Each structure stands twice: as structure tokens, then as C-alpha cells.
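Asks: What the sequence shown shows, in the numbering used here, is residues -13 to 109, in sequence order.
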Amino acid sequence: MAQAKAIEVPPIEGGNGATDRCPMIDFVNLVSGKWAIPILYRLIVTGCPIRFGELQRAVAPITQKELTRQLRLFEHRGLVYRRVYAEMPPRVEYEITPLGRTLRGTLDSLADWMRVNASHLIT
-13 MAQAKAIEVP PIEGGNGATD RCPMIDFVNL VSGKWAIPIL YRLIVTGCPI
37 RFGELQRAVA PITQKELTRQ LRLFEHRGLV YRRVYAEMPP RVEYEITPLG
87 RTLRGTLDSL ADWMRVNASH LIT
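1. Which runs of the beta strand (DSSP E), 3 residues or longer, sit entirely within the region 4 to 76?
2. Pull the bridge partners of Ile82 from the DSSP assignment, please.
3. Quick check: what's the CA-CA separation for Tyr67 versus Thr83?
4. For Pro84, decide whether its Cβ has a neighbour in chain D, counting only Cβ atoms nearer than 9 Å.
5. I want to know whether the region 21 to 41 touches the region 84 to 104 - three or more CB-CB distances under 8 Å.
6. How far does the alpha helix (DSSP H) with Leu93 in it reach, from first residue to last?
7. Cβ of Glu79 within 9 Å of Cβ of Arg63?
8. Can you grab the Cα-Cα spacing for the pair Ala22 / Asn15, in whole Å?
9. Can you tell me which of Ser18, Arg101, Pro35 puts its alpha carbon nearest to the alpha carbon of Glu52?
10. Please return the same chain residues whose Cβ sits closer than 6 Å to the Cβ of Tyr71, not counting the five positions on each side in sequence.
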């Protein structure tokens, strides 16, 4: 039996001439997790602050624990603003940041691709 020939993948050159890792690895790490893209996309298309409960219903059936975890991660990475109001009962709203909003074109393209190709995918 013939042995498979290894394919050599050229390195990705960075702006400073240094060899960098593939940017897709960093992107996948940024949006990894079952709920990451649905949460970000909902915040982007909503276009205004949204309360936790509204967001949870919009991306159901996500658990409260998982939504909290993802939102904290996105806030830490600068993709989501969290605004707490000094009211009783407490009110917390989330909104996509300008940096997070730059993902719109990419996520729109993914959504369009899925609409066009969903019926052709083998499940």
C-alpha cells in the first residue's frame, strides 16, 4: 500500500515579517463554544442594550450559568458592555461594543452560507 505524502503548509507571515500562527485558530478560540456565536449575533442584530432575561430567551435553551459565563468572557475580551443600574430590583443590560460590532459582516456571511447550504449538508 502506498504511503500518504505529507503536504507542507507554508507559514503565515505577520506584518513584521515574523511567522505567526494561523489567525483562524485565534478566531475559533474567541468564538468557541456552542452558544458563543448565537449570543454575539443576537447582541449585534438587536443593536441596543438588552436585559439578561431577554437575551436568555432569545438564545434559548441556554442555561443561566452558561449565558453568564459567556457574557463575562465577552466582557473581559472587550466584545460586550455590561451596565448595572442602581435600582431595586437590580437591572443589568448587555450591549455589543464597537469591537464586537465589527464581527457583523463575518457572522452575516456565516448565516447566509448556512441558509444557502443547509439542505446540502450531511447530518
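Note that CB positions come from ideal geometry on N, CA and C, so glycine has one too.
The model shown is predicted, which means the values in this text are computed figures rather than measured ones.
Replies: On the basis of the data shown:
1. 66 to 71
2. Along the sequence shown, one-based indexing puts residue 82 at 96. According to DSSP, Ile82 bridges with Val66.
3. For the purposes of this step, residue 67 is identified with residue 81 of the sequence shown, where counting begins at 1. For the purposes of this step, residue 83 is identified with residue 97 of the sequence shown, where counting begins at 1. The alpha-carbon atoms of Tyr67 and Thr83 are separated by roughly 6 Å.
4. Looking for chain D here will not work: only one protein chain is present.
5. yes
6. Taking the first residue of the sequence shown as 1, we reach residue 93 at position 107. That run of the alpha helix (DSSP H) goes 90 to 103.
7. Residue mapping note: residue 79 aligns to position 93 of the sequence shown, counting from 1. Residue mapping note: residue 63 aligns to position 77 of the sequence shown, counting from 1. For Glu79 and Arg63, no; Cβs fall outside 9 Å.
8. The residue you call residue 22 lines up with position 36 of the sequence shown. The residue you call residue 15 lines up with position 29 of the sequence shown. The straight-line gap from Cα to Cα measures roughly 10 Å.
9. Taking the first residue of the sequence shown as position 1, residue 52 is located at position 66. When each option's Cα is compared against that of Glu52, the closest is Ser18.
10. As a working mapping, residue 71 is identified with position 85 in the sequence shown. Correct list, in chain order: Arg77.
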